[in-house]
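In the working numbering, the protein residues as written are 82 to 224. Every residue, glycine too, gets a C-beta built ideally from N, C-alpha and C. This structure is a prediction, so every number in the text was calculated from the model and none was measured.
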Amino acid sequence: MDDFYAAEPLIVTRLKGQVSALKSVAGARDLDGAAEMSRPAPAAYVIPSGEAIRSANEGEATLEQYWVVVIAVRNARDLQSGEAERREVGPIKAAVISALLGWKPGKGFTPLSIAQAPPPIPLDGVGFYPVRFSTRITVRGVG
Numbered sequence: 082m083d084d085f086y087a088a089e090p091l092i093v094t095r096l097k098g099q100v101s102a103l104k105s106v107a108g109a110r111d112l113d114g115a116a117e118m119s120r121p122a123p124a125a126y127v128i129p130s131g132e133a134i135r136s137a138n139e140g141e142a143t144l145e146q147y148w149v150v151v152i153a154v155r156n157a158r159d160l161q162s163g164e165a166e167r168r169e170v171g172p173i174k175a176a177v178i179s180a181l182l183g184w185k186p187g188k189g190f191t192p193l194s195i196a197q198a199p200p201p202i203p204l205d206g207v208g209f210y211p212v213r214f215s216t217r218i219t220v221r222g223v224g
C-alpha cells in the first residue's frame, strides 16, 4: 500500500456521485476542522477515525481502518428538539449509508462495513451527524 489514506478521495468521489442532496463533500482533519469550513449545507466531511490491528506478524499487518462521514445540516426550526434538523438529515444519512455500505473503495480494500458512530453533535447552529465505516487493509514492511 503506497498511501495509507488512499480511501479518503475514493469515498469523497463516491459520495459526490451518489448523494445528490449534498451540496459539498470534502475531507477534513477532524470535526473541529469540518466545523471551521464554510461550505454550503447540507455537506459531508470524510474524516479518518483510527485503526485496529486484526492480525500482524514480522512483515505484514492487517488493519481495520475506520472512516467517519459527518453530515452537516443547518436548520433553525425546532432548535430545542432538533426535530426539523433530523427530518432533513434522515434521508441524506440513509443515502450516505446506501452509497457506501458494501462498496469496495478500490484494490487493497475490503468492502465498507458500518461501525459504531458517535452521537450527533450540535455546534454553532449546525447539526453534525456522523456515520462510521470500516474497511480492512494490509500493510507490508520493507524488510
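Residue environment, residue i, which counts as buried when at least 16 other CB atoms sit within 10 Å
i	result
P200	exposed
K174	buried
V223	exposed
G208	buried
L103	buried
S136	exposed
Close beta carbons around residue i, own chain, < 8 Å, minus the five adjacent residues each side
i	result
P186	A87, A88, L91, I92, R95, L193, T216
T219	M82, E141, A142, T143, L144, G189
A109	A115, M118, Y126, V127, I128, V151
Residue i - partner residues in DSSP beta bridges
i	result
Q197	Note: Q197 sits in no beta bridge, so no partner.
W148	P129, F214
T219	T143
Whole-angstrom C-beta distance between residue j and residue i, which should lie under 8 Å
i	j	result
A124	V106	7 Å
Range covered by the alpha helix (DSSP H) that runs through residue i
i	result
S68	As shown, the chain starts at 82 and ends at 224. That puts residue 68 outside it, with no answer to give.
V93	88-99
L112	112-117
Residue-level contact to chain C via CB, residue i, 8 Å cutoff
i	result
N156	Reference to chain C is not applicable here, since this structure consists of a single protein chain.
Cutoff 6 Å; reference residue i; Cβ partners in own chain excluding five residues on either side
i	result
L181	L193, F214
A153	A122, A124, V207, F209
Residues of its chain near residue i, where Cβ-Cβ distance is below 7 Å and the 5 sequence neighbours each way are ignored
i	result
I134	A142, L144
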